[in-house]
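**Student:**
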Amino acid sequence: CSSLTYLRVCSLLAPCQTGASAPKNWEFIFARTLTGKKGKIKIMDLALEVLEWAKDKKDLAEVYYENKSGSAPVAIRLVFDAASSAPSSGGKKFAYVHSPTIGALALNKEKVALGSKVTAGDSLGQVSGDKEMAQITVPLSGRVVEVLSRDGAGVGFGEPLVLLEI
Amino acid sequence: CSSLTYLRVCSLLAPCQTGASAPKNWEFIFARTLTGKKGKIKIMDLALEVLEWAKDKKDLAEVYYENKSGSAPVAIRLVFDAASSAPSSGGKKFAYVHSPTIGALALNKEKVALGSKVTAGDSLGQVSGDKEMAQITVPLSGRVVEVLSRDGAGVGFGEPLVLLEI
Amino acid sequence: MKVLVANRGEIAVRVIRALKEMDFKSVAVYSEEDRSSSPVAMADEAWCLGASPAKESYLNIGRILTAARLSGAQAVHPGYGFLSENDVFASACEDAGLIFIGPKGSVMANLANKAETKRLVKKAGVSVIPGSEGPLGNAQEAMTQARETGYPVLLKASFGGGGRGIYLVRDEGELSRAYQMAQSQANAAVGKKELYLEKFLENTRHVEVQVALDIKSQGQAFVERDCTIQRRNQKLIEESPSPFLGEQARAKLLEAGLRAAQACGISTLATVEFLLMSDRKTFYFMEINKRIQVEHPVTEELLGIDLVQLQIALAMGQRWAPVAAKSDARHAIEARINAEDPAHNFLPSEGVVTACQWPGGPGIRVDTYLTPYSTLGVSYDSLAAKIIASSPHGRSGAVARMRRALGELKLEGFSTTASLHQELFADSFFAGGEQWFSTRFLEEWLGRRKFN
Amino acid sequence: MKVLVANRGEIAVRVIRALKEMDFKSVAVYSEEDRSSSPVAMADEAWCLGASPAKESYLNIGRILTAARLSGAQAVHPGYGFLSENDVFASACEDAGLIFIGPKGSVMANLANKAETKRLVKKAGVSVIPGSEGPLGNAQEAMTQARETGYPVLLKASFGGGGRGIYLVRDEGELSRAYQMAQSQANAAVGKKELYLEKFLENTRHVEVQVALDIKSQGQAFVERDCTIQRRNQKLIEESPSPFLGEQARAKLLEAGLRAAQACGISTLATVEFLLMSDRKTFYFMEINKRIQVEHPVTEELLGIDLVQLQIALAMGQRWAPVAAKSDARHAIEARINAEDPAHNFLPSEGVVTACQWPGGPGIRVDTYLTPYSTLGVSYDSLAAKIIASSPHGRSGAVARMRRALGELKLEGFSTTASLHQELFADSFFAGGEQWFSTRFLEEWLGRRKFN
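Residue numbers (this note's numbering), protein chains in the order written: chain A, 1 to 166; chain B, 1 to 166; chain C, 1 to 452; chain D, 1 to 452.
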């Protein structure tokens, strides 16, 4: 989510964003299980717990939580200023390489081989639209962990293409 | 609020209930000033603060908070199970005497004189509708602190008529 | 002019909207449970009547009259349900010098007996369902009449209503026991055990004629509404015009509706209900409703008129002047969003509105009293909202619009019939509207869909 | 059929609704800022074009064509604004084998020059504002023309639009300097400095004629819209019919509108704008808009039709068949709810929708793309929602309905023009609608109300 400059606001208890209405490349970072929430959901408890969990997270762009255990699904969505928001897990740090435009994806296969080391500023390939061709530039040096799209596919602007461990 | 049996749910960030849409006899118990909230309101901070303040309040029926300092007014409304909800202030405890029906109010002037001692079950007067007359019964023994309506006035069912210190 | 709205929920909102548009003052009355509800917020003033049980609030004539006196209201709109067809209430309003927006109390008292009403309507030359002429004296009379009418027959309480108090009798062996049970049920429900008997007609559709009459019984009938989509006699979808009525049959139906209403002495809005046979031209009078109905917006959206304003104006003594009564290829259809769980036998559902986004845009109207964080209990009826779709492109256009609107609807916090509507409006048989189906369609469809 | 919607906000929602109702697939395109917006959620698929600046997204022809190719769209709806009247875009769509839902690119190229368009329309026998016949050659020619026309005059950029690039010249002393400034401004804005000259007409109203024409230029005109309530040439309230046009003048105006559109080679929906003089019968052609307009719902609600579906059908080659074009006593009126602060000189406002409750019930339509917790930035235009009220009880009925609807509206999180509308619709002069007022009314009224 690091490139999502629209993340400027905080909102709480936003309506569920599911199915077609879920922005396609959101990060659902918050995956902690809230236990003991059988039967009727206590919205206040839930909100409190999520808020407390989230309040000191500095590297967090967005929190999304949905509970469907009761008859009424409840979603809590928090959107933070995205000053720094590389996902992190178990001490490791990651960064996405995003698509620079809309078009057909052409990856440099050697560069994006799993485990390859890449340097900030490197090109990993191109995205070609009808009237432009844009280089896919590595934002931070690291190692290729996962390729998220396939060669030749159509990709939109900002779509995450490659995940790096940095 | 002790008689409001509909207080069964918790809701957060409900839309402002002001003006005509504010239920007429709500208690706005939460009057703490949140400082340092100049300019743009951070809804999450605000919600967190109110929630933390409220979470151990056992005698609380309802919390209402409205902030109009920014350009966008924000209201937070919390509604709790109203198991026990007599208002309290500075160690003193209070209880309302509510109207038993809709009609014209006739108070027993001696009984409701400021400072008078009343006993649970006492009648403080009557409310007379077109086809019924109902006694105004003291719910808990105490001392008359304030008379909230005037003799002869039309009152609705459940309207607080007299405030007792109990 | 100040008008007290003796009702709650969406119909109270509907009436208050009409009053605001007419520049009249509105007075809401409410039970404690409805303290935070929309009508209370919208009205110019509001009075709490009592606790949740209807007899302490919306059915309490004394308290409503007290509220009228305290607020200085000059008229009372009863909405539908509750006291809307209660002749005692109407008369009490008249006695208190209030304009009752509905029929005169004396007219309603006359019409309380359905068997007698049927006799009245038949006398006016409108065909009624074959059966007893007026009420039955005893079981023996019922048996004679049933033989003449031919089985199966229905035993109905003369003072019943809303699809209740009806017994189906398939053959003579069942009759005397059914007669006894129907009598005791009628007696338990309304304190009167009088019954009448009707032929049980199968494979019929429910069509109804909205009429508006002034104080001199001058007025008109509007294009019929078709309310064939029902479950246990409760309407779920209503539309106008009926897809199964030609111009000639329509003209006859509308004329019959107007004549029946005039025979009943109506001088307000009313709806005359008919059964339509599968020959698509034979119809029989069923009953007359003397109030604004839940489904009135179907007619409003078809014709671009305002029936509630018309009803109020007629009650204030306005004389009838012709109103647009039909409209080319236009079609309107309404889906009732009830707080019921179609996956669990339509069990009433309660909760808090945690999210609500109503559909909008062209040809979509939403009538509701719910707002975000409204609480929804089970003390009263389960109607949460009505979505009305209308289109210049006929029934298929209105159905497409409804499908689009149902896709936009977000209503969370309790179960609703919205999911059922989504399936129904996607069903090619129902949506196509080409082949005849009867009032049993929905229950059969539900059986197939394993919804209940 | 799959249609790409090359726009955002409420008009994208409007077009997607029409596509759904026509059972066509929809493709949304969006800038990063609009990622969570309604059209993206509603469309069958959605493609992100780029960052917020319009030239990287909604004005980027190459990226939109790429999205069309990747999605397999067969047609493009341009909405209003952005590329909707860009002949290069229309032609590029045609070249890519896409149906452009609007005029042919070649037709739009011809109409890009407003001075030439005016000449075309005049030749067809429609009266145009007195002034130069086509573009001016130089300042000297301007002076000669101005003397003939009579001061005050307006200098206008031939390739301007939307009320921009217009210079008022009160007397000859101002002319040559104004000519230079207008030229350089026009050059800076559109790269073309050509100007033409028109008489400056005062005390006029803005009326416009919606037309719909098929591929053979067969079609019709609909009852005029009156858009006299403007601030700095931006419309704020639109209504139909105009309160100041009799039947005879209306017939002439509609005929002129249709003739002008045909002269311009239109084969789609278009709107022909006129100035109406205070004699209530003289009118002059002003310009022609070749797109769906913001205020199209006024006509839709007046007549119960669907202009966007009609526009799409015409683009797909459907031939024109007459559509209801007028409607007795009915009246429709629209209030634009802009995210602007009327108390602070209409400064654009941004924020998060912390609460939204849209009005509902009879005769009220809301077109918006906002939902609870939507973010609203200032990158694009400030239109947040349109409320349209229509009534069978004429203008006063529609105004009463709008007043009622504005009272129900709750939209919090940023400043809007709703408060201004509440005051305007309560203003007896405006609401009364009896006395003539001109396009200057709103600014004068604002001056008196100390709103700006």
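Idealized CB from N, CA, C, for every residue including glycine.
1) Excluding the five sequence neighbours on either side, which residues of its own chain have a C-beta within less than 6 Å of the C-beta of K25/D, listed in chain order?
2) Less than 7 Å between C-beta atoms, sequence neighbours within five positions excluded: which residues of the same chain meet that for L442/C?
3) Straight-line CA distance for P139/A to L411/C?
4) Out of N86/C, G317/C and Q183/C, which has the shortest C-alpha to C-alpha gap to Q218/C?
5) Could you check what DSSP says for M133/B in three-state terms: helix, strand or coil?
6) If contact means a Cβ-Cβ distance below 9 Å, which residues of the segment 122 to 138 of chain B contact chain C?
7) What three-state label does DSSP hand N289/C in the structure shown?
8) What residues match up with C48/D in a beta bridge as DSSP calls it?
9) Which residues, taken in chain order from the segment 344 to 362 of chain D, show a beta carbon closer than 8 Å to some beta carbon of chain C?
10) What residue range is occupied by the uninterrupted beta strand (DSSP E) comprising V145/A?
11) Which one or two residues does DSSP pair with L269/C in a beta bridge?
12) In terms of residues, what are the limits of the beta strand (DSSP E) holding H77/D?
13) G152/A and S99/A look like a contact to me (Cβ under 8 Å); what is the Cβ gap, rounded to whole Å?
14) Where does P348/C sit, in a helix, a strand or coil, going by DSSP?
15) Does DSSP put P160/B in a helix, a strand or coil?
16) Please go through the same chain and pick out, in chain order, the residues whose beta-carbon is closer than 6 Å to the beta-carbon of S242/D, but skip the five residues on each side of it.
17) Grab me the residues of Q262/C's own chain with a C-beta within less than 6 Å of its C-beta, minus the 5 sequence neighbours each way, in chain order.
18) Which whole-angstrom value is the C-beta distance of Q145/D and S132/D, which I expect to be below 8 Å?
19) Excluding five sequence neighbours on each side, which residues of the same chain lie with their C-beta closer than 7 Å to the C-beta of A295/C?
20) Can you check which of these residues, A332/D, I101/D, S106/D and A73/D, is closest to V88/D by C-alpha distance?
21) Using the rule of at least 16 other Cβ atoms within 10 Å of the residue's Cβ for burial, across every protein chain shown, is G351/D buried or exposed?
22) Could you check if E148/C is buried or exposed, using at least 16 other CB atoms within 10 Å of its CB as the buried criterion?
23) Is the Cβ of R232/D closer than 8 Å to any Cβ of chain C?
24) At a Cβ threshold of 8 Å, is C93/C touching chain B?
25) Can you tell which of D23/C, G97/C, R319/C and S158/C has its C-alpha closest to the C-alpha of A109/C?
26) Whole angstroms are fine: how far does the CA of A54/C sit from the CA of A47/A?
27) How many Å lie between L370/D and A418/D at the Cα?
28) CA-CA distance, A343/C and A315/D?
29) Are S390/D and G433/D closer than 8 Å when you measure CB to CB?
30) Specify whether the segment 62 to 82 of chain C and the segment 90 to 107 of chain C touch according to this definition: at least 3 beta carbon pairs, one from each stretch, less than 8 Å apart.
31) Return yes when the Cβ of A139/C is within less than 8 Å of the Cβ of Y523/C, no when it is not.
32) Report the option in G246/C, L120/C, L175/C and A249/C whose CA atom is closest to the CA atom of E141/C.
33) Counting along the chain, where does the alpha helix (DSSP H) carrying T228/C start and finish?
34) Do you know whose CA, among L275/C, T282/C and P392/C, lies nearest R440/C's CA?
35) Using a Cβ-Cβ cutoff of 7 Å, what residues of the segment 46 to 67 of chain C are near chain F? List them in chain order.
36) Compare the beta carbon distance of K386/C and E10/C with 8 Å and say whether it is the shorter of the two.
**Tutor:** Looking at the atomic coordinates:
1) Mapped onto the fourth sequence, residue 25/D falls at position 25. If we look at K25/D and ignore the five residues flanking it on each side, its Cβ neighbours are K2 and D44.
2) Residue mapping note: residue 442/C aligns to position 442 of the third sequence, counting from 1. The residues are I229, Q230, R231 and L236.
3) As a first step, residue 139/A must be located in the first sequence, where it is residue number 139. As a first step, residue 411/C must be located in the third sequence, where it is residue number 411. Their Cα atoms are separated by approximately 42 Å.
4) Taking the first residue of the third sequence as 1, we reach residue 218/C at position 218. Measuring from the Cα of Q218/C, the nearest candidate turns out to be G317/C.
5) As a working mapping, residue 133/B is identified with position 133 in the second sequence. Three-state result, M133/B: strand.
6) S128, G129, D130, K131 and E132
7) In the third sequence, counting from the first residue as 1, residue 289/C sits at position 289. The answer is strand: DSSP assigns N289/C an E or B state.
8) To locate residue 48/D, count along the fourth sequence from 1; it is residue 48. For C48/D, which the question treats as bridged, DSSP gives the partners Y30/D.
9) A355, Q357, W358, G360, G361 and P362
10) Looking up residue 145/A in the first sequence gives position 145. Where V145/A is concerned, the enclosing beta strand (DSSP E) stretches over G142 to V147.
11) By 1-based counting over the third sequence, the position of residue 269/C is 269. In DSSP, L269/C forms a bridge with A212/C.
12) Taking the first residue of the fourth sequence as position 1, residue 77/D is located at position 77. Residues A75 to H77.
13) Translated into the one-based positions of the first sequence, residue 152/A becomes position 152. Translated into the one-based positions of the first sequence, residue 99/A becomes position 99. With a Cβ gap of about 14 Å, G152/A and S99/A do not count as contacting.
14) Numbered from 1 along the third sequence, position 348 holds the residue referred to as residue 348/C. Strand at P348/C.
15) By one-based count along the second sequence, residue 160/B stands at place 160. Strand at P160/B.
16) Here residue 242/D refers to the residue found at position 242 when the fourth sequence is read from its first residue. Result list for S242/D: V207, E224 and D226, in chain order.
17) The count along the third sequence starts at 1 and reaches residue 262/C at position 262. Around Q262/C: S217.
18) For the purposes of this step, residue 145/D is taken as residue 145 along the fourth sequence, with counting starting at 1. For the purposes of this step, residue 132/D is taken as residue 132 along the fourth sequence, with counting starting at 1. Contact flag correct, Cβ pair sits at about 5 Å.
19) One-based indexing of the third sequence puts residue 295/C at position 295. In the sequence as presented, Ala is not what sits at residue 295/C; that position holds Glu. Hits under 7 Å: R225, C227, K235, E238 and E334.
20) Your numbering for residue 88/D matches position 88 in the fourth sequence. When each option's Cα is compared against that of V88/D, the closest is S106/D.
21) As a position in the fourth sequence, residue 351/D is number 351, starting the count at 1. Buried, by the Cβ-count rule.
22) In the third sequence, counting from the first residue as 1, residue 148/C sits at position 148. When all chains shown are included, E148/C counts as exposed.
23) The residue labelled residue 232/D in the question sits at position 232 within the fourth sequence. No - not a single Cβ of chain C is within 8 Å of the one on R232/D.
24) If you number the third sequence from 1, residue 93/C lands on position 93. No, because no Cβ of chain B sits closer than 8 Å to the Cβ of C93/C.
25) As a first step, residue 109/C is located in the third sequence; it is residue number 109 there, counting from the start. If we check each option's Cα against that of A109/C, S158/C comes out closest.
26) Here the question's residue 47/A lines up with position 47 in the first sequence. Here the question's residue 54/C lines up with position 54 in the third sequence. For A47/A, the predicted structure reports a pLDDT of 48, less than 50, and the residue's modelled location is therefore unreliable. The matter cannot be settled from this model.
27) Here residue 370/D refers to the residue found at position 370 when the fourth sequence is read from its first residue. Here residue 418/D refers to the residue found at position 418 when the fourth sequence is read from its first residue. L370/D and A418/D: Cα-Cα distance of roughly 15 Å.
28) Here residue 343/C refers to the residue found at position 343 when the third sequence is read from its first residue. Here residue 315/D refers to the residue found at position 315 when the fourth sequence is read from its first residue. Rounded to whole angstroms, A343/C to A315/D spans 44 Å at the Cα level.
29) Here residue 390/D refers to the residue found at position 390 of the fourth sequence. Here residue 433/D refers to the residue found at position 433 of the fourth sequence. The answer is no: Cβ separation not under 8 Å.
30) yes
31) One cannot answer for residue 523/C here, as it falls past the ends of chain C, which runs 1 to 452.
32) For the purposes of this step, residue 141/C is identified with residue 141 of the third sequence, where counting begins at 1. The option with the nearest alpha carbon to E141/C is L175/C.
33) Walking along the third sequence from the start, residue 228/C turns up at place 228. Counting along the chain, T228/C falls outside any alpha helix (DSSP H), though it belongs to the beta strand (DSSP E) covering R225 to R231.
34) The residue given as residue 440/C occupies position 440 in the third sequence. With distances taken between Cα atoms, R440/C lies closest to L275/C.
35) Included in the structure are the protein chains A, B, C and D, with no chain F among them.
36) Taking the third sequence and counting its residues from 1, the one referred to as residue 386/C is at position 386. Taking the third sequence and counting its residues from 1, the one referred to as residue 10/C is at position 10. Yes; because the gap between Cβ atoms is below 8 Å, this pair is in contact.
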